[in-house]
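Visitor: Numbering (my numbering), first residue to last: 17 to 414.
One structure follows; several queries about it will come next.
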Amino acid sequence: MSHDDSTHGGSGRRPGSFGTRLIHAGEERIGGAVAPPVFQSTVFAVDEAGGYEDLKYIRYSNLPNHRMLAAKLADLEGAEAALVTGSGMAAISAALLTVLGAGDHLLAGDCLYGGTQVLITRKLPAFGIEHTLIDPGDPASWAAVLKPSTRAIYVETITNPLMRVGDLEAVGRFAAEHGLVALIDNTFATPAGFRPVEHGFHLSLHSATKYLNGHSDLVAGAVIGGRERVTAVDGTLRLLGGSLDPHACVLLHRGLKTLELRFERQCATALELARFLAGHPAVARVAYPGLEDHPDHLRAGRLLDCFGGMLAFEPAASSKRTGVEAADRLLRRLRVAVHAPSLGGVETLVVSPARSSHRGMTPEQRAAAGISDELVRVSVGIEVAEDLIADFDQALGG
Ligand SMILES: *Cc1c(COP(=O)(O)O)cnc(C)c1O
C-alpha cells in the first residue's frame, strides 16, 4: 500500500511568516472552497491511474481533510511530512511502536505525560522494549546509561507540572552522535513556540487535543518529521487503527488557524499572572519558565519563542489553613478559571496535579519530583489578563 498521500507536506514551503503560513499552508481550495469542506466518506472511488495501491480509505488517513491538515502541520514545524492521528496517545504509541521493537532500549525523560509514562514503563516491556529514565536537563548523565541496544531518546519540550525545559539541543546532538532516533512531545510548546526538526529531532508528537485545536472540544494528535519516518509511523497507525475522523479534522483545521493569536495571548497573560502570583503574599511558590527564578529560565529563553501558557503555583499555608486547604479553597472560589484537567483551550483551567495527572505516583515519588499536594496547575486561556488576575486575587484573599 502506498503511503504517499497520507504523510503529506514538504511540497515546497509556503511563503510568509508563521502566522501567514498557519492560514494558507496546505490549503487545497477543493472546488474553490475557501474553508475545507468535510469529506465524510469512508472510501473514495478507485482512481484508474493509481489503482488499488492508491486507495483512499478513512483509516489510512489519506482523505483530503487528513491531507490538508498534515501539509499545514509539516509546514509549520519546517518538516517534510506530518500525519494526523485520532489522539495524542495514538501519535505517541504509533511512533514508539514504529521506532522500537523487541530487544530495543529507550532513553526516556523522567517526567513525562502520565499516559506516555505508563506506556513506556508498563506496556512496552511486554513487547520486549526496555527503557532507562534520564534527566533531560543533565546531558552528562546520558552516556553512562546508553546500551548497545539503545535505539531512541524521548523527551517533552516543557514538562508537566513544573514546566521544566531540558537541554533539547543536547538531546538532538546526543541522538546524532549515537545514531538514535530523537522523539519529542511538543504539545506544551506548540509549533508557535518550538520547531523540533530545527534542533535535530526526528519525530515531533502532539496532543492536538490541546493547543493545536485550542477549543477543548475534540481529541486528536499529530506526528511530524522526515518523510520516511512519518510514512513508517503511518504504516503502524493503519494497523493500530488510530486515525482521525474527517469531521474532527475540520474542527481541528479551524481551531489551528488561530493558534498564533491564541498562543501569543496565552503566553503574555501567563507571564503577567505568574508575576502577579509570585508577588502575592498568599502564594508560596510559582513555577513558570518566564520567571527569572525558574531553574530553566535562561535555557527556555534561548530555545523557545515564548515561555508558554502553562504555570503552576503553591498557595501558602497560614495560621488559618494548611497549604492543601488553601489550594482546595482557591479551586472552589475561582469564578473565571474552571476547575478541570486538560489544557491548551481558550478557557483558563486549574487542576491539582497530585490528585489528577500525578495521582499514580506515591507521595514519596511526588515529593522527590517537587510536586506537592498543594500545587495548583494553571492552563491560561485567552480571557483578559486583568480579569484573570482579579479572579485569582479574590480566590486567594481573605
Ligand atoms: C494530553 C497530552 C497527551 C495525550 O494526548 P491525548 O490527545 O489525550 O491522547 C500527550 N502528551 C501531553 C504532553 C499531553 O498534555
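Every residue gets a Cβ at the ideal spot worked out from N, C-alpha and C, and that includes glycine.
Note that this is a predicted model, so its numbers are computed, not measured.
Can you give me the start and stop residues for the beta strand (DSSP E) that Phe-7 sits inside?
Guide: Nothing about residue 7 can be reported from this structure: the residues present for the chain run from 17 to 414 only.
Visitor: Of the residues Ile-398, Leu-314 and Ser-77, which one's Cα is nearest the Cα of Phe-55?
Guide: Ser-77
Visitor: Among Val-171, Arg-281, Pro-155 and Leu-277, which one has its Cα closest to the Cα of Val-396?
Guide: Arg-281
Visitor: Counting only the same chain and skipping the five closest in sequence on each side, list residues whose C-beta sits under 6 angstroms from that of Glu-288.
Guide: Once the five neighbours on either side are set aside, the close Cβ partners of Glu-288 are Ala-401.
Visitor: Is the stretch 232-243 touching the stretch 45-61, taking contact as three or more C-beta pairs under 8 angstroms?
Guide: no
Visitor: Is Ser-223 a contact residue of ligand 2, with contact defined as CB to any heavy atom under 7 angstroms?
Guide: No copy of ligand 2 occurs in the structure displayed; its ligands are ligand 1 alone.
Visitor: Can you tell me which of Leu-327, Leu-365 and Leu-140 puts its alpha carbon nearest to the alpha carbon of Arg-348?
Guide: Leu-365
Visitor: Pairing CB atoms from the stretch 236-245 with CB atoms from the stretch 204-218, are three or more of them under 8 angstroms?
Guide: Segment contact: the stretch 236-245 against the stretch 204-218, three or more CB-CB distances shorter than 8 angstroms; contact assigned.
Visitor: Measuring CB to CB, does Gly-182 end up less than 8 angstroms from Pro-152?
Guide: yes
Visitor: With a threshold of 6 angstroms on Cβ separation, who are the neighbours of Pro-496 within its own chain once the five nearest residues in sequence on each side are excluded?
Guide: Outside the displayed span of the chain (17 to 414) sits residue 496, for which this structure offers no information.
Visitor: Beta carbon of Lys-463: closer than 7 angstroms to some heavy atom of ligand 1?
Guide: Residue 463 is absent from the model: the chain starts at 17 and stops at 414.
Visitor: Whole angstroms are fine: how far does the CA of Ala-107 sit from the CA of Ser-219?
Guide: Per the sequence presented here, residue 219 reads as Leu, with Ser not at that position. Roughly 10 angstroms separates the two Cα atoms.
Visitor: Over the uninterrupted beta strand (DSSP E) stretch that includes Leu-234, give me the two end residues.
Guide: Per DSSP, Leu-234 lies in no beta strand (DSSP E) segment and is marked neither H nor E.
Visitor: By the three-class DSSP mapping on this structure, what secondary structure does Ile-200 have?
Guide: Correct three-state label for Ile-200: strand.
Visitor: For Leu-178, which option in Ala-156, Gly-306, Asp-407 and Lys-336 has the closest C-alpha, if you only look at C-alpha atoms?
Guide: In terms of CA proximity to Leu-178, Gly-306 leads the group Ala-156, Gly-306, Asp-407 and Lys-336.
Visitor: Look at the alpha carbon of Gly-131 and the alpha carbon of Ile-405, and state the distance between them as a whole number of angstroms.
Guide: 32 angstroms
Visitor: Would you check if there are 3 or more beta carbon pairs closer than 8 angstroms linking the stretch 248-258 to the stretch 94-114?
Guide: yes
Visitor: Check for me: the alpha helix (DSSP H) holding Gly-209 runs from which residue to which?
Guide: First-last of the alpha helix (DSSP H) with Gly-209: 206-209.
Visitor: Hey, would you say the C-beta of Thr-132 is under 7 angstroms away from at least one heavy atom of ligand 1?
Guide: yes
Visitor: If you follow the alpha helix (DSSP H) that Gly-125 is part of, which residue opens it and which one closes it?
Guide: Element bounds for Gly-125: not the alpha helix (DSSP H) but the beta strand (DSSP E), 121-125.
Visitor: When DSSP labels each residue in this structure, what does Arg-167 get in the three-state scheme?
Guide: strand
Visitor: Taking the alpha-carbon of Phe-204 as reference, which of Ala-98, Gly-35, Ser-358 and Lys-139 has the nearest alpha-carbon?
Guide: Ser-358
Visitor: If you follow the alpha helix (DSSP H) that Leu-268 is in, where does it begin and where does it stop?
Guide: 262-272
Visitor: How close, in whole Å, do the beta carbons of Ile-150 and Gly-125 come, if the pair is a contact with beta carbons under 8 angstroms?
Guide: In this structure, Ile-150 and Gly-125 form a Cβ contact; the two beta carbons are roughly 7 angstroms apart against a cut-off of 8 angstroms.
Visitor: Secondary structure at Ala-111, three-state DSSP: helix, strand or coil?
Guide: Helix, per DSSP.
Visitor: Near Glu-363, which residues of its chain fall below 7 angstroms by C-beta distance, leaving aside the five closest residues on each side in sequence?
Guide: Closer than 7 angstroms at the Cβ level, and outside the excluded window around Glu-363, lie Ser-232, Val-354 and Gly-397.
Visitor: Per DSSP, Glu-172 forms a beta bridge with which residues?
Guide: Asp-201
Visitor: Locate the alpha helix (DSSP H) running through Leu-221, then write down its first and last residues.
Guide: Element bounds for Leu-221: not the alpha helix (DSSP H) but the beta strand (DSSP E), 219-223.
Visitor: Short of 8 angstroms in beta carbon distance, which residues of its chain neighbour Arg-75, apart from the five on each side in sequence? Order them along the chain.
Guide: Within the same chain, Cβ atoms closer than 8 angstroms to the Cβ of Arg-75 are found at Arg-254, Gly-257 and Ser-259, the five residues on either side in sequence being excluded.
Visitor: Run through the DSSP bridge pairs and tell me what Thr-101 is partnered with.
Guide: Gly-237
Visitor: State the CB to CB distance for the pair Leu-272 and Lys-139, rounded to an integer number of angstroms; the pair is presumed to be in contact (CB under 8 angstroms).
Guide: No, Leu-272 and Lys-139 are not in contact; Cβ-Cβ is about 30 angstroms, not under 8 angstroms.
Visitor: List the endpoints of the continuous alpha helix (DSSP H) containing Thr-247.
Guide: 243-256
Visitor: For Leu-135, which residues of its own chain have a beta-carbon under 8 angstroms away from its beta-carbon, when the five flanking residues on both sides are left out?
Guide: Met-105, Ile-108, Ser-109 and Leu-112
Visitor: Per DSSP, what kind of secondary structure is His-82 in: helix, strand or coil?
Guide: Looking at His-82 - three-state DSSP - the assignment turns out to be helix.
Visitor: Less than 8 angstroms between the C-beta atoms of Asp-1 and Arg-180, yes or no?
Guide: The structure shown does not extend to residue 1, since the chain is modelled only from 17 to 414, so the question has no answer here.
Visitor: Going by the beta-carbon positions, is the gap between Pro-80 and Val-266 smaller than 8 angstroms?
Guide: With contacts defined by Cβ atoms closer than 8 angstroms, Pro-80 and Val-266 do not form a contacting pair.
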